[in-house]
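Reading through the structure tokens given below for one structure.
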Amino acid sequence: MPYSRLYSLLARHWWLAFLLLGFSFVGFGLSSLNLLHVLSANLEFLTTYGWDAVRDGGLWQLVQLVVSGYVAAACYVACKLCEKVLVERLAVGQHKGN
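The sequence shown lines up with residues 185 to 282 when you count with my numbering.
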């Protein structure tokens with residue numbers, strides 16, 4: 185199975201994969217920090233107070249929390265991609281040309 189262009193780029197430029205790994209790791213940590221606790225509190229607020237909670241911005245906060253969850257997932261996937269590139273580079277020795 186052929187690799188994607190992004191994988192090939194990261195495999196050729198291991199330092200870029202290492203930088204992206206660090207940024208995505210920190211991004212995952214920041215975007216997922218306390219996410220489940222705040223999400224459950226928001227859902228409890230919405231179910232308890234109903235329409236008043238929606239008018240106070242509870243629904244908008246729920247949307248922001250869901251987006252934050254997707255950002256965390258994207259950072260996790262980027263982190264795992266970079267990890268695969270770097271581990272294969274170390275294990276297999278795919279460092280020809282650099």
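Glycine included, every Cβ here is placed at the ideal spot set by N, Cα and C.
Is residue i helix, strand or coil by DSSP?
i, result
"Asn226", "helix"
"Ser192", "helix"
"Leu203", "helix"
"His197", "coil"
"Leu217", "coil"
Could you check which residue in the options has the C-alpha nearest to that of residue i?
i, options, result
"Gly225", "Phe212, Arg239 and Leu246", "For clarity, residue 225 is Ala in the given sequence; the question names Gly instead. It is Leu246."
"Arg273", "Ala195, Arg189 and Asp236", "Ala195"
"Gln248", "Arg239, Val261, Val222 and Leu265", "Val222"
For the pair the region 193-200 and the region 214-234, tell me if three or more CB-CB distances fall below 8 Å. Counting Cβ pairs under 8 Å, fewer than three are found: no touch.
May I have a chain-ordered list of the alpha helix (DSSP H) segments no shorter than 4 residues that lie completely inside the region 231-267? Taking only runs of at least 4 residues, the alpha helix (DSSP H) segments lying wholly in the region 231-267 are 235-239.
Examine the Cβ distances between the region 256-263 and the region 213-222 and report whether three or more of them are shorter than 8 Å. In short, these stretches touch, since the Cβ pair count reaches three.
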